[in-house]
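One structure is given below, encoded as structure tokens.
2 protein chains.
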Amino acid sequence: MTQACTATAVACANIAFIKYWGQRDAALTLPANGSISMNLDGCLTETSVLFDPELAGDSVWLALGGGEEEPASGRAFERVIAQIERLRAMAGNRWPVQVRSRNNFPSDAGIASSAAAFAALTCATCAALGLDVSERELSRLTRLSGSGSACRSIPAGFVEWHTDGTDAGSWAEQIAAPDHWALSDLVAVIDTGAKRVSSLHGHSLAPTSPFFDARLAELPQRLAEVRQAIIERDIERLGVATEADAISMHAVMMTQRPPAFYWLPATLLVIQAVQRWREQDHIQAYCTIDAGPNVHVICEASDAPEVESRLCELDAVQWTIVNGPGPEARIVG
Amino acid sequence: MTQACTATAVACANIAFIKYWGQRDAALTLPANGSISMNLDGCLTETSVLFDPELAGDSVWLALGGGEEEPASGRAFERVIAQIERLRAMAGNRWPVQVRSRNNFPSDAGIASSAAAFAALTCATCAALGLDVSERELSRLTRLSGSGSACRSIPAGFVEWHTDGTDAGSWAEQIAAPDHWALSDLVAVIDTGAKRVSSLHGHSLAPTSPFFDARLAELPQRLAEVRQAIIERDIERLGVATEADAISMHAVMMTQRPPAFYWLPATLLVIQAVQRWREQDHIQAYCTIDAGPNVHVICEASDAPEVESRLCELDAVQWTIVNGPGPEARIVG
Chain H
68 MTQACTATAV
78 ACANIAFIKY
88 WGQRDAALTL
98 PANGSISMNL
108 DGCLTETSVL
118 FDPELAGDSV
128 WLALGGGEEE
138 PASGRAFERV
148 IAQIERLRAM
158 AGNRWPVQVR
168 SRNNFPSDAG
178 IASSAAAFAA
188 LTCATCAALG
198 LDVSERELSR
208 LTRLSGSGSA
218 CRSIPAGFVE
228 WHTDGTDAGS
238 WAEQIAAPDH
248 WALSDLVAVI
258 DTGAKRVSSL
268 HGHSLAPTSP
278 FFDARLAELP
288 QRLAEVRQAI
298 IERDIERLGV
308 ATEADAISMH
318 AVMMTQRPPA
328 FYWLPATLLV
338 IQAVQRWREQ
348 DHIQAYCTID
358 AGPNVHVICE
368 ASDAPEVESR
378 LCELDAVQWT
388 IVNGPGPEAR
398 IVG
Chain D
68 MTQACTATAV
78 ACANIAFIKY
88 WGQRDAALTL
98 PANGSISMNL
108 DGCLTETSVL
118 FDPELAGDSV
128 WLALGGGEEE
138 PASGRAFERV
148 IAQIERLRAM
158 AGNRWPVQVR
168 SRNNFPSDAG
178 IASSAAAFAA
188 LTCATCAALG
198 LDVSERELSR
208 LTRLSGSGSA
218 CRSIPAGFVE
228 WHTDGTDAGS
238 WAEQIAAPDH
248 WALSDLVAVI
258 DTGAKRVSSL
268 HGHSLAPTSP
278 FFDARLAELP
288 QRLAEVRQAI
298 IERDIERLGV
308 ATEADAISMH
318 AVMMTQRPPA
328 FYWLPATLLV
338 IQAVQRWREQ
348 DHIQAYCTID
358 AGPNVHVICE
368 ASDAPEVESR
378 LCELDAVQWT
388 IVNGPGPEAR
398 IVG
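What follows is the structure in structure tokens.
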């Protein structure tokens with residue numbers, strides 16, 4: 068008689084200092100460029116998988132931001148099951164699965180929750196199916212989920228997603244452990260007003276920007292800059308390169324055809340407030356922005372209370388989420 | 068006995084559909100790229116020059132936006148006198164000059180008033196000194212003032228500033244007369260709040276953007292696109308290229324080292340409102356933005372009342388200035 072198998076994993080979201088924008092291979096989720104990120108210890112997804120021959124079929128249950136669990140359907144369901152199917156095939160297992168996933172952060176915070184979700188899903192599934200994989204292999208498998216940046220949520224702390232254009236050579240590796248540097252990421256969740264900008268335009272449009280190639284050409288030097296800044300705990304060097312990279316990515320997005328504007332007026336207000344605090348008050352805080360309107364403000368943990376207090380004074384900011392460097396994706400049950 | 072000589076000229080400001088950003092030669096004000104603009108019939112400068120051996124010395128009087136006349140000093144005075152001196156030398160005249168200049172638009176509207184000012188100054192001075200110059204030569208001389216885009220305010224209507232990298236080959240020529248196309252430029256003067264962004268960063272920083280070369284590379288095609296759109300009175304073709312060019316220039320500015328952010332939150336609000344009107348309500352209106360926070364909205368004159376009314380409903384917009392295609396710089400007295 069067969070025995071059901073189960074595992075539960077937790078993974079962090081991550082914030083990229085050097086962004087991933089554009090793909091070399093969409094089917095394999097091979098990025099056009101390497102990227103560097105930090106795991107966010109305040110933005111977690113916990114995912115349980117149960118493989119059981121008694122189940123009637125595959126099911127996926129999602130609870131976002133402390134809300135009620137709801138069944139996933141459509142594209143969300145298909146993406147989860149496609150990743151499960153890849154791992155079931157590796158393990159030679161054909162049992163139906165029940166996936167249950169829960170975020171601790173509000174889904175409308177605009178934080179890329181898919182990174183944490185696919186890292187936790189892949190981690191839990193490998194464990195449940197008895198796939199004995201290295202961290203490198205786990206990261207590579209996570210990347211194949213299609214949520215490429217999820218591979219950066221596998222190692223702990225400060226992480227670089229390598230890419231040499233091959234499947235085997237595209238995985239994330241730790242640059243430094245979480246306790247290497249007490250760095251903070253304050254997510255300024257901005258008031259989006261009535262309407263959020265659509266994010267229909269994805270990686271595939273990146274090469275339509277006349278600036279895409281120039282961006283790629285400058286990235287090797289910027290990656291080296293950020294890597295070194297992390298190793299040396301140099302906030303100014305990290306911050307200048309990080310803010311420049313975010314603006315570079317959004318300049319590419321805004322010059323795509325058709326253009327993709329993720330910034331809202333409030334986004335620009337927060338960016339310019341942080342720039343002003345830096346220039347006028349010598350506060351070492353720097354901005355980065357993903358494909359959405361919220362601003363992540365990077366500073367040393369010792370400056371975080373002051374920066375958070377200032378962010379909360381801005382009308383444009385609804386609330387903040389404070390993060391330190393987070394741990395690796397890990398089995399918790 | 069000598070006789071004093073005098074002349075008065077009027078010139079329009081202009082709005083560029085293809086922007087001038089970056090120089091090939093700063094001393095000669097040779098631009099890195101050609102540009103195309105429309106004169107603005109609602110934004111005028113009137114300038115009188117009086118050359119008189121009886122004057123004690125050179126003086127410059129400026130009245131901005133209907134305000135009182137005040138003596139210019141420092142850099143403003145020096146720039147005017149340098150241009151006068153160039154033309155006095157050509158004419159073999161050494162008489163002191165009194166310059167009096169007046170704008171009909173508020174100086175805090177953020178409209179580049181130097182274009183209208185140096186076009187009117189050069190036009191009046193050539194006439195007063197009896198320099199018999201062609202329109203082409205007048206445009207070239209105006210360019211040498213250092214306010215390069217002023218050369219586009221010399222011909223009437225829709226204008227292209229040519230550049231082949233030489234002094235003789237860099238001048239502005241009419242593409243089409245003002246009555247060719249009833250096009251409107253609505254300047255949305257935005258609420259700048261307490262502080263305007265400094266514009267310390269000029270043309271010399273343009274090459275520090277990694278995107279500058281890519282911008283230059285795409286301009287020949289975009290210039291051809293805009294030229295053709297004007298000839299064919301194709302608002303969509305003109306608008307798409309114009310808006311893309313403005314965003315491209317600001318993407319270059321934002322990625323300069325150090326970055327130059329001219330947009331304010333309200334700038335982005337107006338840009339996104341216009342994009343929304345286009346997508347949702349099929350209003351053929353397009354944005355362009357100079358090195359400042361205000362948004363110029365381009366549409367056909369038949370759509371101008373609707374667009375103006377919508378702009379005025381935005382809290383971010385303080386007031387609007389409506390312009391049609393303006394005439395050439397000309398002697399009025």
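Quick note, the sequences are listed as chains H and D, same order.
First residue of the first sequence? That's 68 in the numbering used here, and the numbers climb one at a time after it.
First residue of the second sequence? That's 68 in the numbering used here, and the numbers climb one at a time after it.
Note that the Cβ used here is the ideal one computed from N, Cα and C, for glycine as well.
Just so we're clear, the structure is a prediction, and the values are computed from it rather than from any experiment.
Taking CB distances under 8 Å as the criterion, tell me whether residue i reaches chain H.
i                      : result
residue 238 of chain D : no
residue 360 of chain D : no
residue 330 of chain D : yes
residue 299 of chain D : no
residue 369 of chain D : no
residue 288 of chain D : no
residue 285 of chain D : yes
residue 326 of chain D : yes
residue 318 of chain D : yes
Could you pull out every residue in the same chain whose Cβ sits closer than 7 Å to the Cβ of residue i, ignoring the five residues on either side in sequence?
i                      : result
residue 296 of chain H : 304, 305 and 308
residue 299 of chain H : none
residue 238 of chain D : 203, 206, 207, 210, 218 and 229
residue 383 of chain H : 257, 258, 333, 336 and 337
residue 279 of chain D : 89, 273 and 319
residue 65 of chain H  : Since the displayed chain H opens at 68 and closes at 400, residue 65 of chain H lies outside it and no answer follows.
residue 51 of chain H  : Within the shown structure, residues of chain H are numbered from 68 to 400, placing residue 51 of chain H beyond reach of any answer.
How about residue i: is its C-beta nearer than 8 Å to some C-beta of chain D?
i                      : result
residue 321 of chain H : yes
residue 388 of chain H : no
residue 292 of chain H : no
residue 333 of chain H : yes
residue 257 of chain H : no
residue 339 of chain H : yes
residue 336 of chain H : yes
Do the CB positions of residue i and residue j come within less than 8 Å of each other?
i                      : j                      : result
residue 213 of chain D : residue 146 of chain D : yes
residue 136 of chain D : residue 77 of chain D  : no
residue 73 of chain H  : residue 122 of chain H : no
residue 254 of chain D : residue 387 of chain D : yes
residue 282 of chain H : residue 315 of chain H : yes
residue 323 of chain H : residue 272 of chain H : yes
residue 363 of chain D : residue 82 of chain D  : yes
residue 91 of chain H  : residue 269 of chain H : no
residue 185 of chain H : residue 355 of chain H : no
Near residue i, what residues of its chain come up, given a Cβ to Cβ distance below 6 Å and the 5 sequence neighbours on each side ignored?
i                      : result
residue 368 of chain D : 249 and 251
residue 95 of chain H  : 234
residue 400 of chain H : 75
residue 125 of chain H : 148, 163 and 164
residue 331 of chain H : 360
Expressed to the nearest angstrom, what Euclidean distance is found between the alpha-carbon atoms of residue i and residue j?
i                      : j                      : result
residue 37 of chain H  : residue 222 of chain H : A question about residue 37 of chain H goes unanswered here, because the residues of chain H that appear run from 68 up to 400.
residue 275 of chain D : residue 132 of chain H : 43 Å
residue 246 of chain D : residue 163 of chain D : 40 Å
residue 71 of chain H  : residue 286 of chain H : 47 Å
residue 262 of chain H : residue 97 of chain D  : Annotation note: pLDDT 43 at residue 262 of chain H (below 50); position unreliable, coordinate value reported separately. So the alpha carbons of these two residues sit roughly 44 Å apart.
residue 161 of chain H : residue 155 of chain H : 6 Å
residue 151 of chain H : residue 93 of chain H  : 19 Å
residue 115 of chain H : residue 144 of chain H : 15 Å
residue 167 of chain H : residue 288 of chain D : 53 Å
residue 99 of chain H  : residue 294 of chain H : 18 Å
residue 310 of chain H : residue 311 of chain D : 23 Å
residue 119 of chain H : residue 391 of chain H : 37 Å
In chain A, which residues lie less than 7 Å from residue i when you measure between Cβ atoms?
i                      : result
residue 315 of chain H : The displayed structure is made up of protein chains H and D, and chain A is not among them.
Tell me which residues share the same chain as residue i and place their Cβ nearer than 8 Å to its Cβ, disregarding the 5 neighbours each side in the sequence.
i                      : result
residue 398 of chain D : 74, 75, 76, 190, 191 and 194
residue 243 of chain D : 224, 225, 297 and 298
residue 172 of chain H : 80, 109, 110, 111, 132, 178, 180 and 388
Practice item. Could you please tell me which residues of the stretch 267-283 of chain D, in chain order, have their CB closer than 8 Å to any CB of chain H? Key: 277, 278, 280, 281 and 282
Point to revise | Within 7 Å of chain H by C-beta, residues of the stretch 104-133 of chain D in sequence order | key: Of all residues in the stretch 104-133 of chain D, none has a C-beta nearer than 7 Å to a C-beta of chain H.
Check your understanding: If contact means a Cβ-Cβ distance below 9 Å, which residues of the stretch 181-207 of chain D contact chain H?
Key -> none
Check your understanding: Name the residues in the stretch 144-156 of chain H whose C-beta lies less than 7 Å from a C-beta of chain D; which are they?
Key -> none
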